[in-house]
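>
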Amino acid sequence: MRQKIVAGNWKMNLDLDEGKELLINILDTDLNNDVLAIVAPPYIHLNSFKRILSHTNIGLAAQNCHHQDSGAYTGEISVKMLKSVGVEYVILGHSERREYFQEDSLAISFKVNTVVQNGLRPIYCCGETLIERQDGEHFKTIAKQIKQGLFNLNEMELLNCIIAYEPIWAIGTGETASPAQAQEIHAFIRKTIAQQYGDLVANNISILYGGSVKPANAQELFNCPDIDGGLIGGAALDAKSFATLTHSF
Ligand code: 13P
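In the working numbering, the protein residues as written are 109 to 357.
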């Protein structure tokens with residue numbers, strides 16, 4: 109059975125005191141124990157967050173990593189370092205990294221490989237621009253991102269990945285893909301994986317939806333057959349909303 113997941117991508121928000129306050133507020137809420145809750149705070153919070161989360165079921169994710177273990181890469185953080193502070197998941201291929209930091213699929217695939225080889229789990233993001241959708245190119249874009257980012261993994265490695273479909277036009281805009289639009293792409297991602305790895309692998313990978321998910325629209329999205337939860341931005345910065353999302357299946 110596929111894991112149901114609600115992951116909060118905090119992006120570049122909240123200093124350490126503000127972040128700890130939100131984390132403690134999240135711990136005070138009634139999270140749904142049948143759903144894997146993950147928080148992805150900025151790098152600088154990870155070490156102290158791991159200590160706060162040590163006796164909980166909440167997963168800890170980084171928002172990025174470098175693909176090398178060490179070396180002369182000023183300002184970068186390796187997967188080995190993330191692992192040493194107890195990080196379990198790494199968000200990779202987010203459209204904000206692709207757009208603002210010029211990360212192409214080759215660079216992202218190196219990171220995916222390093223994360224998997226270190227025993228951590230990538231949360232691999234894909235998604236089309238508004239123009240690509242209007243031009244009817246969205247299936248092509250998604251297939252390319254999935255194949256380039258993930259298809260050099262073997263079956264077991266791929267099974268360790270979580271995929272997030274985040275249409276760029278829906279991120280932080282208040283505009284959400286309709287359940288039908290999201291379901292269509294999630295089914296397409298699963299079909300693309302099935303063609304390469306078979307149905308068993310495809311049916312066991314969690315595929316999350318991201319893009320303006322909030323308590324008011326989560327249920328209709330999370331109830332779609334191929335949507336296994338969400339990768340949440342803005343609404344994850346509020347403890348109550350985050351908790352409500354874990355109950356929205
Ligand atoms: P919003 O939920 O703020 O639209 O952000 C989605 C996202 O980018 C999560 O990674």
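Beta carbons are placed, not taken as given, at the ideal position from N, Cα and C, and that holds for glycine.
#1: Comparing C-alpha positions only, which one of L258, I335, L316 sits nearest to A215?
#2: For V220 and E265, I'd like the C-alpha separation in whole angstroms.
#3: What is the residue span of the beta strand (DSSP E) that A145 lies within?
#4: Quick one: grab the DSSP three-state call for N133.
#5: Is it true that the region 195-208 meets the region 178-185, where meeting means three or more beta-carbon pairs spaced less than 8 Å apart?
#6: Whole angstroms is fine: what's the gap from F350's alpha carbon to K158's?
#7: Classify G306 as buried or exposed, calling it buried when 16 or more other Cβ atoms lie within 10 Å of its own Cβ.
#8: A278: beta carbon under 8 Å from a heavy atom of ligand 1?
#9: Measure the alpha-carbon distance for N165 versus C234 and round it to whole angstroms.
#10: Using CA coordinates, which residue listed in W118, G194, W277 is at the minimum distance from H163?
#11: As a quick exercise: from N155, D346, K188, pick the residue whose alpha carbon is nearest that of I134.
#12: Taking 8 Å as the cut-off, does the CB of G257 come closer than this to any heavy atom belonging to ligand 1?
#13: What is the DSSP secondary structure of P230, counted as helix, strand or coil?
#14: Using beta-carbon positions only, say whether T249 and T237 come within less than 9 Å of one another.
#15: Return yes when at least one heavy atom of ligand 1 lies under 8 Å from the C-beta of E274, else no.
#16: Quick check on the DSSP output: the beta strand (DSSP E) that includes L200 runs from which residue to which?
#17: Rounded C-beta distance between R229 and W277? I'm assuming under 8 Å.
#18: List the endpoints of the continuous beta strand (DSSP E) containing A170.
Reading from the atomic positions:
#1: The option with the nearest alpha carbon to A215 is L258.
#2: V220 and E265: Cα-Cα distance of roughly 10 Å.
#3: Membership of A145 in the beta strand (DSSP E) is indicated by the continuous run 144-148.
#4: The answer is helix: DSSP assigns N133 an H, G or I state.
#5: Output reads no: the region 178-185 does not touch the region 195-208.
#6: In a straight line, the C-alpha of F350 is about 19 Å away from that of K158.
#7: Label assigned to G306: exposed.
#8: Yes, Cβ of A278 sits closer than 8 Å to a heavy atom of ligand 1.
#9: Going from the Cα of N165 to the Cα of C234 covers about 27 Å.
#10: Sorting W118, G194, W277 by C-alpha distance to the C-alpha of H163 places G194 at the top.
#11: Selected option, being the one with the closest Cα: D346.
#12: Of the heavy atoms belonging to ligand 1, none sits nearer than 8 Å to the Cβ of G257.
#13: DSSP places P230 in strand when its eight states are reduced to three.
#14: Contact: yes.
#15: Yes.
#16: Bounds of the beta strand (DSSP E) holding L200 are 197-200.
#17: With a Cβ gap of about 27 Å, R229 and W277 do not count as contacting.
#18: Element bounds for A170: 167-170.
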